[in-house]
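Engineer: Sharing a structure here in structure tokens format.
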Amino acid sequence: MEHEFDIVVIGGGHAGAEAAHAAARLGCAVALVSLDPTRIGAMSCNPAIGGLAKGQMVREIDALGGIMGRAADATGIQFRMLNRSKGPAVWGPRCQSDKYAYAREVQRILGETAGVTVVGGEVAELEVEESEDRGWRIEDRETASSLSSILHPLSSSSLRIRGVRLGDGRVLRCRAAIVTTGTFLRGLMHTGESKTEGGRVGEAAAKTLSGCLARLGLELGRLKTGTPPRLHRDSIDFGKLEAQPGDVEPLPFSYLPEYGGSGVRGQGSGKSGGWKPAMRQVECWITNTSERVHEIIRANLHRAPMYSGQIQSTGPRYCPSIEDKVVRFADKTGHHVFLEPESLETAEIYCNGISTSLPAEVQEELLPLIPGLEKAKILRHGYAVEYDMVWPSQIRATLETKKVAGLFLAGQINGTSGYEEAAAQGLMAGINAARLVKNGEADFTLRRDQAYIGVMVDDLVTKPPTEPYRMFTSRAEHRLHLRNDNADERLTKVGRDLGLVEDARWIGFEGMLGAVASAQSVLAGLRVGDVTAVDYLRRSEVSWEDLVKVCPAAGGIEPSVGRRIEVRVKYSGYIARQDQQIARFAQMESKLIPNGVDYSKILGMRNEAKSKFATFTPRSLGQALRISGITPADVTVLAIHLDRKAKSV
Ligand code: FAD
């Protein structure tokens, strides 16, 4: 039986959900195929959204019209702004989610998105055909230098996607496919010596798609990640633990409530200052491991699959298992354990900080030694999972594979870890697949100075990760620009031009910009003693609320508008300096490299540079310079070669 779609999205995790939503919003008929449709939007591990740098990405996704921020706002059971003791540039919004409500909310949004058809089943094969030449065009972009006035092949791929085949024989024809298979490709779960095939607990692995990707010429790698035990709430002695409450005045991820829109169902006030989460809020708790716990772990290291050699793939260094921490930080006598409720509907408590693949009986021996957990009942043991991924040097910054036109990869399959990283890639792939179907070209990218999403994709395609890639603020050289408070100013217009930002969001956004502009002119005429109100606000120890106390005339300004002005004023000097740096980088970014350059023939270029350029096929000289192992001298040789070629055309 054959069915026809514009786009098939394979996988209903965080990448797949955003990809399907974005592509359908752009007018495509989308099939979202998932092994178990009831688990679309499931949180495999930590029941939380956001955090440092990740929270900024959620707000970027929201500004571009994506779903993660809205779903998190509707289902958060504790909201906290992390890093508040530091400057607002590095604040990171985070929420504890009710993981069942979150998945239901994602499913609800997808169900209400015209154009998305959910299909239950396993994609076993990708069907491709020899591609006809997609033609040539003359590059003539406004920002481009002379180098871009070059004949430019629209695609160098000789294969093109034409459909997917499901395990039960059904065929879905399509013009683009997005693979977002997460940890499921040949997934193998480990708890001590015991091994079970599966993508996450209780769910089967996808067994045949890896072989198909390899036959298409894609080089696969294997990575691993782990998850901690889950405990029964009623078996924990909370009296011994330190409680960790959420913020007294929580802030939503989505910008819609701030614009006065109905971003979150069932919420109270329309303005962010008085925003009320839709769900009941709860506390988390903190406890600690001890030297005795570490002794037991050390005594059983040979039974932890990573150390016994049972798992040879690489895990996330920044999100290590408790056995990793005990070995790597041998002098530490204790590590924090955060006890986090997974849902208001169940008694499951997630033990953040002790992800482990130690045998079940060792987990049972060490948990009662942790304060508060003396009688803890384990609902599910911790485990590690190994899975196949595709080295992202084989995708373009649009997330389309270089080998197969119309085949996109997004999420954990590209070597990343985390819901937010996956969702952001899903959004990018969904946009590009839709543009390919509608306009014949996948051409949407974000710059490093524009969004964390741009930083992540650029990192992936220039420095393929050797361990699961997670976003940090330190990865962004322009992080004063990439704040959580201004993601809308950076990206709403981009989303509107793409066709993803609906009227309500756009009108609210324009209203906010107008309110900021008029508030700035009011402020310009106000003084506090012998200084202007703006100079007073510039002081690091003065907040917007402090200014309003001593300058009541500023009290008429909406607090969310005032806080935006405060950040702008405090950072204006730094931002002006970064703007100059960004302008310098932009020159390199605008120098585009045509497809099909034969790097082996470039005279005077180091062999290592030739091979790196041939592997990564950079899009611009700026991107070429960021490839690991490439020097400025290599890029100069390349630039001279391209210049000569351009003149001889
Ligand atoms: P997933 O959310 O995994 O979704 C994949 C989807 O693809 C599923 O819906 C599945 O049904 C579907 N699928 C797969 N193959 C097929 C097929 N052939 N046909 C049809 N459907 C298919 N992240 C962290 O940041 N920190 C952690 O500590 C962490 N620990 C983790 C521990 C475990 C045990 C697991 C399983 C994951 C962990 N993660 C962690 C990763 C986090 O879950 C992922 O980063 C995130 O879910 C990836 O999103 P995704 O959309 O790429 O894939």
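Under my numbering, the residue at position 315 of the sequence shown is numbered 315, and the numbers go up by one with no gaps. All C-beta atoms in this analysis are idealised placements derived from N, C-alpha and C, irrespective of residue type, glycine included. Treat the numbers as computed from the prediction; the structure is a model and nothing was measured.
(1) For Val-327, write down the residues that DSSP places opposite it in a beta bridge.
(2) The alpha helix (DSSP H) that contains Met-428, what's its start and end?
(3) Can you name, in chain order, every residue of its own chain whose Cβ lies under 7 Å from the Cβ of Ala-633, other than the five neighbours on each side?
(4) Tell me whether the beta-carbon of Arg-59 lies closer than 8 Å to the beta-carbon of Phe-253.
(5) For Glu-2, does the three-state DSSP call read helix, strand or coil?
(6) Using a threshold of 7 Å, is the CB atom of Ser-321 nearer than that to any non-hydrogen atom of the ligand FAD?
(7) Contact defined as beta carbons within less than 8 Å: I believe Glu-698 pairs with Ala-205. What is the distance between those atoms, to the nearest angstrom?
(8) Using a threshold of 7 Å, is the CB atom of Gln-363 nearer than that to any non-hydrogen atom of the ligand FAD?
(9) Could you pull the start and end residues of the alpha helix (DSSP H) that His-481 belongs to?
(10) By the DSSP assignment, the beta strand (DSSP E) with Glu-129 in it spans what residues?
(11) Give me, in chain order, the residues of the same chain whose beta-carbon lies closer than 6 Å to that of Phe-616; leave out the 5 immediate sequence neighbours on both sides.
(12) Just to confirm my understanding: we take Gly-268, look at its own chain, exclude 5 residues before and 5 after, and list those with CB closer than 6 Å. What are they?
(13) Grab the span of the beta strand (DSSP E) containing Ser-34 for me, first residue to last.
(14) Please identify the residue among Gly-604, Phe-338 and Val-326 whose C-alpha is closest to the C-alpha of Gln-244.
(15) What's the gap between the Cα of Leu-427 and the Cα of Glu-400?
(16) What's the C-alpha gap between Glu-566 and Gly-274?
(17) How do the stretch 500-510 and the stretch 529-544 stand: do at least 3 beta-carbon pairs fall below 8 Å, yes or no?
(18) Do you know how far the Cα of Gly-51 is from the Cα of Arg-292?
(19) Within the same chain, show all residues whose beta-carbon is closer than 6 Å to that of Ala-434, passing over the 5 residues directly before and after it, in chain order.
(20) Just list the beta strand (DSSP E) runs in the stretch 73-132, keeping only unbroken ones of 3 residues or longer that don't cross its boundaries, in chain order.
(21) With respect to 7 Å, is the separation between the Cβ of Arg-39 and the closest non-hydrogen atom of the ligand FAD below this value?
(22) Excluding the five sequence neighbours on either side, which residues of its own chain have a C-beta within less than 7 Å of the C-beta of Lys-325, listed in chain order?
(23) Do Asp-488 and Ala-347 come within 8 Å of each other at the CB atom, strictly closer than that value?
(24) Considering just the uninterrupted stretch of the alpha helix (DSSP H) at Trp-544, what are its terminal residues?
(25) Kindly indicate which three-state DSSP category Gly-211 falls into: helix, strand or coil?
(26) Express the C-alpha separation of Glu-364 and Glu-374 in angstroms, rounding to a whole number.
(27) Does any heavy atom of the ligand FAD sit closer than 7 Å to the C-beta of His-14?
Structural biologist: Put simply:
(1) Residue pairing by DSSP places Val-327 opposite no residue, since no beta bridge is assigned to it.
(2) The continuous alpha helix (DSSP H) containing Met-428 extends over residues 419-439.
(3) none
(4) Judged by their CB atoms, Arg-59 and Phe-253 are nearer to each other than the 8 Å cut-off.
(5) Of the three classes helix, strand and coil, the one that applies to Glu-2 here is strand, per DSSP.
(6) no
(7) The structure shown does not extend to residue 698, since the chain spans only 1 to 649, so no value can be given for it.
(8) Checking every heavy atom of the ligand FAD against the Cβ of Gln-363, none is found closer than 7 Å.
(9) Looking at the DSSP string, His-481 is not in any alpha helix (DSSP H), and its letter there is neither H nor E.
(10) 123-130
(11) Ser-393 and Ile-627
(12) With a pLDDT of 33 at Gly-268, under the threshold of 50, the modelled position of that residue is not reliable, and no figure is offered here.
(13) In the DSSP assignment, Ser-34 falls within the unbroken beta strand (DSSP E) covering 30-34.
(14) Phe-338
(15) Looking at the two C-alpha atoms, the distance is approximately 13 Å.
(16) Each residue's alpha carbon lies about 19 Å from the other.
(17) no
(18) About 31 Å.
(19) Ala-23, Leu-26 and Cys-28
(20) 76-82, 92-97, 116-120 and 123-130
(21) Checking the Cβ of Arg-39 against the ligand FAD gives yes.
(22) His-335
(23) no
(24) First-last of the alpha helix (DSSP H) with Trp-544: 544-550.
(25) In this structure, Gly-211 counts as helix in the three-state DSSP scheme.
(26) 10 Å
(27) yes
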